[in-house]
Amino acid sequence: MNFVMRYSTPAVVLHWLVALLIFVAFPLGVYMHELPLSPDKLKLYSYHKWIGITILTLVAIRLAWRLTHTPPPLPQSVANWQRRASAIVHGLLYLLMVAIPLSGWMMSSAKGFPVVWFGVLPLPDLVGKDKALGDLLTEVHETLNFTLLSLVVLHVGAALQHHFIEHQPFLQRMGWGKKARA
Amino acid sequence: MKRNVTLLVLLAALAAPMANAVEYRTVLPQQSAISFEFRQMGVPVKGGFKRFAAQLAFDPARPEAASAQIEVDLASIDAGSAEADEESAGKLWFNRSAYPKATFVSSQIRTLGSNRYEMRGTLTLKGKSRDISVPVSFTPGKNAALFDGAFTLKRLDFGIGEGMWADIATVANEVQVKFRIAATGK
Chain A
2 MNFVMRYSTP
12 AVVLHWLVAL
22 LIFVAFPLGV
32 YMHELPLSPD
42 KLKLYSYHKW
52 IGITILTLVA
62 IRLAWRLTHT
72 PPPLPQSVAN
82 WQRRASAIVH
92 GLLYLLMVAI
102 PLSGWMMSSA
112 KGFPVVWFGV
122 LPLPDLVGKD
132 KALGDLLTEV
142 HETLNFTLLS
152 LVVLHVGAAL
162 QHHFIEHQPF
172 LQRMGWGKKA
182 RA
Chain B
344 MKRNVTLLVL
354 LAALAAPMAN
364 AVEYRTVLPQ
374 QSAISFEFRQ
384 MGVPVKGGFK
394 RFAAQLAFDP
404 ARPEAASAQI
414 EVDLASIDAG
424 SAEADEESAG
434 KLWFNRSAYP
444 KATFVSSQIR
454 TLGSNRYEMR
464 GTLTLKGKSR
474 DISVPVSFTP
484 GKNAALFDGA
494 FTLKRLDFGI
504 GEGMWADIAT
514 VANEVQVKFR
524 IAATGK
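Quick note, the sequences are listed as chains A and B, same order.
Adding 1 to a residue's 1-based position in the first sequence gives its number in our numbering.
Adding 343 to a residue's 1-based position in the second sequence gives its number in our numbering.
Shown next as structure tokens:
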């Protein structure tokens with residue numbers, strides 16, 4: 002098959018860019034919070050926050066693009082329950098990609114550390130310094146992240162299943178190949 | 344009645360220069376504060392010390408004779424987070440078990456005009472003494488006079504944050520210190 006139904010190039014670029022950043026920020030977050038206080042820990046925390054705000058920015062652009070562009074239709078072979086499941090999972094993924102960086106930003110504010118993007122651009126504090134709220138937001142941030150992890154496993158699993166088991170050109174939907182005219 | 348008014352005016356005229364002659368000696372700890380701010384990874388972090396003892400003698404009529412001494416209990420630090428409070432006690436930072444206090448003793452006070460003064464003195468932290476110069480503004484008040492000052496110290500001058508923490512790209516060398524001492528005359 003030379004031509005595939007795929008997402009528009011900006012959507013594809015944003016998808017993979019955000020995916021890559023999530024795959025860096027997630028393990029970084031898991032690793033850094035166990036470290037004893039050191040300059041390296043302070044650096045990793047800052048990098049994690051910078052990446053998080055970058056994700057939030059890219060996701061805002063993604064959402065704007067998604068809402069103004071129609072995604073390619075799913076192949077006929079995809080069952081109705083799978084279409085519904087796909088819509089729900091995609092909705093939740095978008096929700097989490099917004100909620101997770103926001104909860105991290107709020108956590109940082111509550112703990113009394115303003116976020117300074119790339120060490121240059123100071124962002125406003127979303128909440129005042131409040132230890133109890135900071136601890137609560139830590140839990141929220143963690144729970145949302147592990148929810149995201151489960152959904153990403155589902156998302157990737159479903160794409161691989163359609164591609165390799167049902168032999169549908171699924172991975173090309175998010176690829177760079179020549180675009181079919183719908 | 345008229346005589347009473349005259350008497351009041353007379354008393355007020357007498358009292359005015361006396362009010363100016365008050366020497367401020369009694370420090371009000373509840374209305375006094377020492378705070379600081381530094382940057383880590385470009386992020387401003389605020390902190391302070393909750394316990395300190397200040398002695399002061401200041402007569403606005405003779406500012407050059409004034410003196411001030413402050414002793415700060417380093418265990419009362421708020422360094423921005425519980426983790427940082429704990430870390431600051433260690434050998435690389437304040438080495439608090441060996442040096443539990445920071446002290447400042449004034450040596451000279453110079454008038455800069457309009458209730459502003461330059462206070463020189465010696466700051467001792469972690470066994471190291473440095474001469475510093477601090478601009479101080481004096482604000483007379485109904486209940487207490489306020490002495491506000493601010494200066495920037497370089498933490499590495501005092502060996503605050505040694506070893507891995509000497510990296511000033513992560514934690515800046517400059518620390519902005521601010522204080523407000525409230526005092527009354529006797």
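From the three backbone atoms N, C-alpha and C, an ideal C-beta is built for every residue, glycine too.
Subject >> Entirely enclosed alpha helix (DSSP H) segments - the stretch 118-151 of chain A, minimum 4 residues >> reply: none
Original post:
What residues match up with Asp-491/B in a beta bridge as DSSP calls it?
Top reply: Here the question's residue 491/B lines up with position 148 in the second sequence. Ser-480/B and Arg-523/B, per the DSSP bridge assignment.
**OP:** Could you check how far apart the C-beta atoms of Arg-523/B and Ser-410/B are, in whole angstroms? I think they sit under 8 Å.
**Re:** Within the second sequence, numbered from 1, the residue matching residue 523/B stands at position 180. Within the second sequence, numbered from 1, the residue matching residue 410/B stands at position 67. Contact flag wrong, Cβ pair sits at about 18 Å.
Subject >> Tyr-442/B (DSSP reduced to helix, strand or coil) >> reply: Locating residue 442/B in the second sequence gives position 99, where the first residue counts as 1. Coil, per DSSP.
Original post:
Between Val-386/B and chain A, is there a C-beta pair that is closer than 7 Å?
Top reply: Here residue 386/B refers to the residue found at position 43 of the second sequence. So, interface residue.
Subject >> Beta carbon proximity, Gly-484/B to chain A, threshold 7 Å >> reply: Walking along the second sequence from the start, residue 484/B turns up at place 141. Not closer than 7 Å to any Cβ of chain A, the Cβ of Gly-484/B fails to qualify, so no.
**OP:** Taking Trp-436/B as the query, report the chain A residues whose CB atoms sit under 7 Å from its CB, ordered along the chain.
**Re:** Position 93 of the second sequence, counted from the first residue, corresponds to residue 436/B. Correct list: empty, because the minimum Cβ distance to chain A is about 11 Å.
Original post:
chain A partners of Gln-383/B, CB-CB under 9 Å?
Top reply: Within the second sequence, numbered from 1, the residue matching residue 383/B stands at position 40. Counting only Cβ-Cβ distances below 9 Å, Gln-383/B has contacts in chain A at Pro-40, Leu-43, Ser-47 and Phe-114, in chain order.
**OP:** Return the residues of the stretch 120-131 of chain A that lie within a Cβ-Cβ distance of less than 7 Å from chain B, sorted by chain order.
**Re:** Gly-120 and Val-121
Original post:
Alpha carbon to alpha carbon, what distance is there between Gly-528/B and Ala-441/B?
Top reply: Counting from 1 along the second sequence, the entry for residue 441/B is found at position 98. Counting from 1 along the second sequence, the entry for residue 528/B is found at position 185. The C-alpha of Gly-528/B is placed about 36 Å away from the C-alpha of Ala-441/B.
Subject >> Residue-level contact to chain B via CB, Val-99/A, 7 Å cutoff >> reply: On the first sequence, position 98 is the one that residue 99/A refers to. Cβ-Cβ to chain B under 7 Å: no for Val-99/A.
**OP:** Kindly say whether Pro-360/B, judged by its beta-carbon, lies nearer than 7 Å to any beta-carbon of chain A.
**Re:** Along the second sequence, one-based indexing puts residue 360/B at 17. Low confidence applies to Pro-360/B: its pLDDT is 46, below 50, so where it sits in the model is not reliable enough to give any reading.
Original post:
Expressed to the nearest angstrom, what Euclidean distance is found between the alpha-carbon atoms of Trp-177/A and Thr-513/B?
Top reply: The residue labelled residue 177/A in the question sits at position 176 within the first sequence. The residue labelled residue 513/B in the question sits at position 170 within the second sequence. When rounded, the distance between both Cα atoms is 41 Å.
Subject >> 7 Å Cβ cutoff, Asp-428/B in contact with chain A >> reply: Numbered from its first residue, the second sequence carries residue 428/B at position 85. No - not a single Cβ of chain A is within 7 Å of the one on Asp-428/B.
Subject >> Cβ neighbour criterion (16 or more within 10 Å) applied to Ala-80/A >> reply: In the first sequence, counting from the first residue as 1, residue 80/A sits at position 79. Counting Cβ neighbours within 10 Å, Ala-80/A comes out exposed, since fewer than 16 surround it.
Original post:
In terms of alpha-carbon separation, which member of Ser-419/B, Leu-435/B and Lys-434/B lies closest to Asp-428/B?
Top reply: Residue 428/B sits at position 85 when you count from the first residue of the second sequence. The shortest C-alpha to C-alpha distance from Asp-428/B to any of Ser-419/B, Leu-435/B and Lys-434/B is the one to Ser-419/B.
Subject >> Residues within the stretch 407-424 of chain B neighbouring chain A, beta-carbon criterion of under 8 Å >> reply: Of all residues in the stretch 407-424 of chain B, Gly-423 and Ser-424 have a Cβ within less than 8 Å of some Cβ in chain A.
Original post:
Thinking C-beta only, is Leu-43/A closer than 7 Å to Met-33/A?
Top reply: Locating residue 33/A in the first sequence gives position 32, counting from the first residue. Locating residue 43/A in the first sequence gives position 42, counting from the first residue. With a cutoff of 7 Å on beta-carbon distance, Met-33/A and Leu-43/A are scored as not near each other.
**OP:** Determine whether the Cβ of Val-19/A lies closer than 7 Å to any Cβ atom of chain B.
**Re:** Residue mapping note: residue 19/A aligns to position 18 of the first sequence, counting from 1. Chain B, which has no Cβ nearer than 7 Å to the Cβ of Val-19/A, makes this no.
Original post:
Is there a Cβ from chain B that is less than 7 Å from the Cβ of Val-117/A?
Top reply: Within the first sequence, numbered from 1, the residue matching residue 117/A stands at position 116. So, interface residue.
Original post:
Run through DSSP, which three-state label would Gln-169/A get?
Top reply: In the first sequence, the residue the question calls residue 169/A occupies position 168. Three-state DSSP puts Gln-169/A in coil, outside helix and strand.
Subject >> Residues that Val-514/B contacts on chain A, provided the C-beta gap is smaller than 8 Å >> reply: The count along the second sequence starts at 1 and reaches residue 514/B at position 171. By Cβ distance, chain A contributes Pro-40 and Leu-43.
Subject >> Exposure label - Gln-383/B; buried when at least 16 CB within 10 Å >> reply: Locating residue 383/B in the second sequence gives position 40, counting from the first residue. Classification for Gln-383/B: buried.
**OP:** Kindly indicate which three-state DSSP category Thr-397/B falls into: helix, strand or coil?
**Re:** In the second sequence, the residue the question calls residue 397/B occupies position 54. It is Ala, not Thr, that sits at residue 397/B in the sequence shown. Correct three-state label for Ala-397/B: strand.
Subject >> Span of the beta strand (DSSP E) around Ile-503/B >> reply: If you number the second sequence from 1, residue 503/B lands on position 160. Careful: Ile-503/B lies outside any beta strand (DSSP E) and carries neither H nor E.
**OP:** Measure the CB-CB distance between Val-479/B and Met-462/B and report whether it falls below 7 Å.
**Re:** Residue numbering aside, residue 479/B sits at position 136 when the second sequence is read from its first letter. Residue numbering aside, residue 462/B sits at position 119 when the second sequence is read from its first letter. The answer is yes: Cβ separation under 7 Å.
Original post:
Taking C-alpha atoms, which residue in Ile-377/B, Lys-393/B, Ile-503/B and Gln-519/B lies nearest to Ala-432/B?
Top reply: Residue 432/B sits at position 89 when you count from the first residue of the second sequence. Comparing Cα-Cα distances from Ala-432/B to each of Ile-377/B, Lys-393/B, Ile-503/B and Gln-519/B, the minimum goes to Ile-503/B.
Original post:
Using 8 Å as the Cβ pair cut-off and three pairs as the minimum, do the stretch 135-147 of chain A and the stretch 69-77 of chain A touch?
Top reply: no
**OP:** Check whether the Cβ of Ala-26/A lies closer than 6 Å to any heavy atom of the ligand ZN, and answer yes or no.
**Re:** Because no ligand of any kind appears in the structure shown, any question about the ligand ZN cannot be addressed here.
Original post:
Of all Cβ atoms in chain A, is any one closer than 7 Å to the Cβ of Asp-402/B?
Top reply: On the second sequence, residue 402/B is found 59 positions in, with the first residue counted as 1. Closer than 7 Å: no.
Original post:
Taking three-plus beta-carbon pairs below 8 Å as touching, is the stretch 153-162 of chain A in contact with the stretch 118-133 of chain A?
Top reply: no
**OP:** Pull up the distance between the alpha-carbon of Thr-495/B and that of Phe-501/B, whole angstroms please.
**Re:** If you number the second sequence from 1, residue 495/B lands on position 152. If you number the second sequence from 1, residue 501/B lands on position 158. Their backbone Cα atoms lie some 13 Å apart in a straight line.
**OP:** Just grab the DSSP bridge partners of Arg-453/B for me.
**Re:** Walking along the second sequence from the start, residue 453/B turns up at place 110. Note: Arg-453/B sits in a beta bridge opposite Glu-461/B.
Original post:
Do you know whose CA, among Arg-85/A, Ala-65/A and Phe-114/A, lies nearest Gly-423/B's CA?
Top reply: Working through the second sequence from its first residue, we reach residue 423/B at position 80. If we check each option's Cα against that of Gly-423/B, Phe-114/A comes out closest.
**OP:** Determine, using beta carbons only, whether Asp-510/B and Pro-72/A come nearer to each other than 7 Å.
**Re:** Stepping through the second sequence from its first residue, residue 510/B is reached at position 167. Stepping through the first sequence from its first residue, residue 72/A is reached at position 71. Cβ atoms of Asp-510/B and Pro-72/A: not closer than 7 Å.
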